[in-house]
Amino acid sequence: MAENPPLLRAEAVSKGFPGTIALDAVDFTLVAGEVHALLGENGAGKSTLIKCLTGAYRRDSGDVLLEGQLIHPRDPLDAQGLGIGTVYQEVNLLPNLTVAENLFLGHQPRRFGFVSQGRLKSQARETLSHYGLNIDVSRNLDTYSVAVQQIVAIARAVRLSGKVLILDEPTASLDAHEVQMLFEVIRTLKRRGLGIVFISHFLDQVFDVSDRITVLRNGRLVGTERVGDLDRMKLVNMMLGRELEQETRVTGRTDAPSGGPHLTFERFGRSGRMAPFDLAVRRGEVIGMAGLLGSGRTETAEAIFGVTPHDSGDARKDGERIDLKSPRDAVAAGFGFSPEDRKTDGIIGDLSIRENIVLALQARAGWSRPIPPRRQVELADQFIRRLDIRTSDAEKPVGLLSGGNQQKVMLARWLATNPTFLVLDEPTRGIDVGAHAEIIRLIEELCAQGMSLLVISSELDELVAYSHRVIVVRDRRHVAELAGAEITTDSIVKAIASHEAEQQA
Amino acid sequence: MNGAARFARRIAPQLAILAAILVLISIVFPGFFEVRIANGRLYGSPIDILNRGAPVALLAIGMTLVIATRGIDLSVGAVMAICGATAAWGSTEGYALPATLALSIAAGLACGLWNGFLVAVLRIQPIVATLILMVAGRGIAQLITEGAILTFNQEGLIFIGSGSILTVPTPVIIWMIAGLLFTLVVRWTALGMLIEAIGVNLRASTLAGVNSRVLLIAVYMASGLCASFAGIIAAADIRGADANNAGLWLELDAILAVVIGGTSLLGGRFSILASLIGALIIQAMNTGILLSGFPPEFNLIIKALIVLTILVLQSPATRTAAIFFRRQPGTDPADTRTVTP
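This is the structure:
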């Protein structure tokens, strides 16, 4: 099949945004009659590549060839006309129109200038029968399940484009049976000679349906492999950016503090987001959390901090039961939480560095007990010095700082409240090397002072360096716990990739 | 820190606009600045602006806080009608002045609580949530007045609308004290900063432990409180409650006052003083157009043109252009923001 002539080919495509290079000379080849999976963690460049192929972005350099012809799609509609159709995770159709109208919108069969309802329906029925769907096409689209809507969207894209079909996380909101239904459709289209690009975070599904896999990381091509030549270990290694031969013998910290648990979570979970888990945290202990995107890392942190409150189990602090129904409860219990998405969940962009630093402390003190302006300035200056926040002064809006400095402001906000337990979700993502090292040093320093930390990170080397224990999450459950000398990047990757543990659970 | 200088720079544009409009009026109407004392009370066009501007100024105080949270309160005009009707009803039923005022203020707070509940608890978009009371409010006011204009003769209540203390008309004193108190409360406590924080980024503030739900309800209640003051003054002024016309369209003037005052409709940084100056600018325009003797049919169009001019002058595009013309292109602050990898 790989001997087929290339259908869609990207050669050294690059795309930059101010401050970053999202895509760095990436090659990608799709041949007719294959399902080609595109994998990578957040920010790897998957969606940038797709957008360059469909014309949603203009590529900065490189060539895109469709059947050997150089193309420059102006926008996704133009790309559709050329033969490249895209179906997104959220179905982009009109839920209040009928299935038939959605299929043919803009291209309705006409008769004397009027839309012919009879022909519209019969053509819709015929089209959908190729997809194994036998439904009433005159009912509104939103009366059907997401899976059916997804297939209608695919049918529409295939009808209008017919050469290349790009599926961007089509299975994210489907159940197992619906996924199989969708895969049946994908296999049928493959036999008809379409080239299909498939993006998903679910490795099982990728192995199930794909012929070849391309992995991107940090905007670069890691490699393209046939599915037969890959196992899960190798794939996870590619995604997390490690070479198999690079046998790092570094292990986790064995100087775990002794003593009873400071915090215990029992059967703690949130239905639909995170399976119940048990977790005990000692004072001065750093617990790392590893897993792929969407595995339940952030969901665990958000349940602990009361962002999406838990609906099963309970939490104790030094034996006393504590409420964690809202972030306010968590702050009152002495927790702090630096979220993954700094821009939307973390910083208050228009407010000054000083105000951002005192915010959590002030919120805990209440509106009627303002922190005196002089004290605010002191606190801000103290943390600007201690964390080496690069700024001209404390009154600068925090939105104008670089990512690393914004992250330091987030840490300062929580450190100002003297927390006993700090949850950091991807504290080193998207920040420069210098700030990166400083934040890791700070984590070690805080733990030495007796603070307990839960650190979520995709950087395995980093986790190994500072964790006393590492919890591995997969499919929204905690699947493994490694302690001390057991922690190596290899053992973490093995736990993430292992298939058997899942069946037993 | 140079807090005073920063504060002066914040309200300078509004003061300049107000001065420009006053000068403009005095050119068209030379006797404009004449102020005299008669019957122990100040009279004259400038006093008239301060006095007539009282309802919009009061509404603008509450509206500033609501808009700072990235909300809007369309119901204030209708709440004025409800509170005016409540005061008139209390007066005709023979309640003493403190009880009458307490009833009216309680009505305003209840309206604010309702709006706050819809916005903060049910998470309805503020513009839709307050639209409900904007429409229903006049109906409620009509139920209270039983469809008629409810007149009263209670001296104390009338004093609030047309009396004077130390020659200054009572409404002027009320809005100035209200403005001062609200400013002191939000700036001497942490309320101001917390309101600005939820206005800029509600989710991040909630994650930092800010009690955003209670704060949101509180700002809508503050807006209801201000509307009740305005409603009492409007009713006291005409010695009766007119459910159909009291406070009609004043919500739009209040929003305009806040916008002219430079508080962004996208929430965040706010200034009550600047909104109050905005309210005076609007009233000065109204008075000025009347004094200048233009045919009344031109009034609204002239007002619209002046507002347009003010907003164009304040628009980001104009500011950028002004900076561009003032400085060398190399020192343009926009340049420092572009990152070249």
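Residue numbers (this note's numbering), protein chains in the order written: chain A, 36 to 540; chain B, 768 to 1108. Beta carbons: idealized from backbone N, C-alpha and C, even for Gly. As the structure is a prediction and not an experimental result, all values here were calculated from the model.
With fewer than 16 other Cβ atoms from the protein chains shown falling within 10 Å of its own Cβ, B:Ala783 counts as exposed. Scanning the segment 250 to 326 of chain A for uninterrupted beta strand (DSSP E) segments of 3 residues or longer gives 255 to 261, 296 to 305, 309 to 317, 321 to 325, listed from N- to C-terminal end. DSSP, reduced to helix, strand and coil, places B:Ile1056 within a helical segment of the structure shown. Closest option to B:Ala1041, judged by alpha-carbon separation, among B:Pro1063, B:Ala779, B:Gly770: B:Ala779. At least one beta carbon of chain A lies nearer than 7 Å to the beta carbon of B:Gly976. By the CB criterion at 7 Å, A:Val321 and A:Cys482 fall inside the cutoff.
In this structure, B:Met988 and B:Gly883 form a Cβ contact; the two beta carbons are roughly 6 Å apart against a cut-off of 8 Å. Residue state for A:Ala79 is assigned as coil, using DSSP reduced to three classes. Against chain A, the beta carbon of B:Arg1036 has neighbours under 7 Å at Asp385, listed in chain order. Distance from the CA of A:Arg511 to the CA of A:Ile478, rounded to the nearest whole angstrom, comes to 26 Å. One finds nothing in chain B with a Cβ atom closer than 9 Å to the Cβ of A:Gln158; even the nearest lies about 40 Å away.
Under the 7 Å criterion on CB atoms, B:Met988 is classed as non-interfacial with respect to chain A. At a cut-off of 7 Å between beta-carbon atoms, A:Ser403 makes contact with chain B.
Note that the segment 865 to 880 of chain B does not touch the segment 928 to 939 of chain B; fewer than 3 beta-carbon pairs, one per stretch, sit closer than 8 Å.
Our two residues, A:Val183 and A:Val134, have alpha carbons roughly 10 Å apart in a direct line. For a cut-off of 8 Å, the C-beta gap from B:Phe919 to B:Arg1006 is around 6 Å, short enough to register as a contact.
The shortest CA-to-CA distance from A:Glu516 to any of A:Asn272, A:Ala325, A:Val214 is the one to A:Ala325.
Going by DSSP, A:Ser96 is part of the beta strand (DSSP E) stretching over 96 to 101. At least one CB of chain B lies nearer than 7 Å to the CB of A:Gln397. The beta-carbon of A:Glu375 is placed no less than 7 Å from the nearest beta-carbon of chain B. For A:Glu479, the three-state secondary structure derived from DSSP is helix. Counting every other CB atom within 10 Å of its CB across the protein chains shown gives A:His212 a total below 16, marking it as exposed.
Here A:Gln240 is buried: its Cβ has 16 or more other Cβ atoms, across all protein chains shown, within 10 Å.
The CB of B:Thr973 comes closer than 7 Å to the CB of Pro362 in chain A, given here in chain order.
Counting along the chain, no alpha helix (DSSP H) covers A:Phe372; the unbroken beta strand (DSSP E) around it starts and ends at 370 to 373.
Legend: CB atoms of the segment 957 to 973 of chain B lying less than 8 Å from CB atoms of chain A belong to residues Ala957, Leu958, Met960, Leu961, Glu963, Ala964, Val967, Asn968, Arg970, Ala971, Ser972, Thr973.
In this structure A:Val193 is not in contact with A:Leu202, their Cβ atoms being roughly 11 Å apart against a cut-off of 8 Å.
Counting only residues of its own chain and dropping the five nearest sequence neighbours on each side, B:Val1074 has a CB closer than 7 Å to the CB of Leu1023.
Look at A:Pro40 here: in three-state DSSP terms it is coil, with no helix or strand label. Between B:Met943 and A:Lys431, the alpha-carbon positions lie close to 32 Å from each other. Two segments are said to touch when three or more pairs of C-beta atoms, one from each, lie closer than 8 Å; by this definition the segment 297 to 315 of chain A touches the segment 333 to 343 of chain A. From the beta-carbon of A:Glu390, the residues of chain B found nearer than 9 Å are Met960, Glu963, Ala964. The way I'd put it, the segment 831 to 848 of chain B does touch the segment 899 to 911 of chain B; three or more beta-carbon pairs between them come closer than 8 Å.
Within chain B, no C-beta atom comes less than 7 Å from the C-beta of A:Gly439; the nearest is roughly 14 Å away.
Per DSSP, reduced to three states, the secondary structure at B:Tyr987 is helical. Under the 10 Å beta carbon count, B:Glu1018 is surrounded by 16 or more other beta carbons and is classified as buried.
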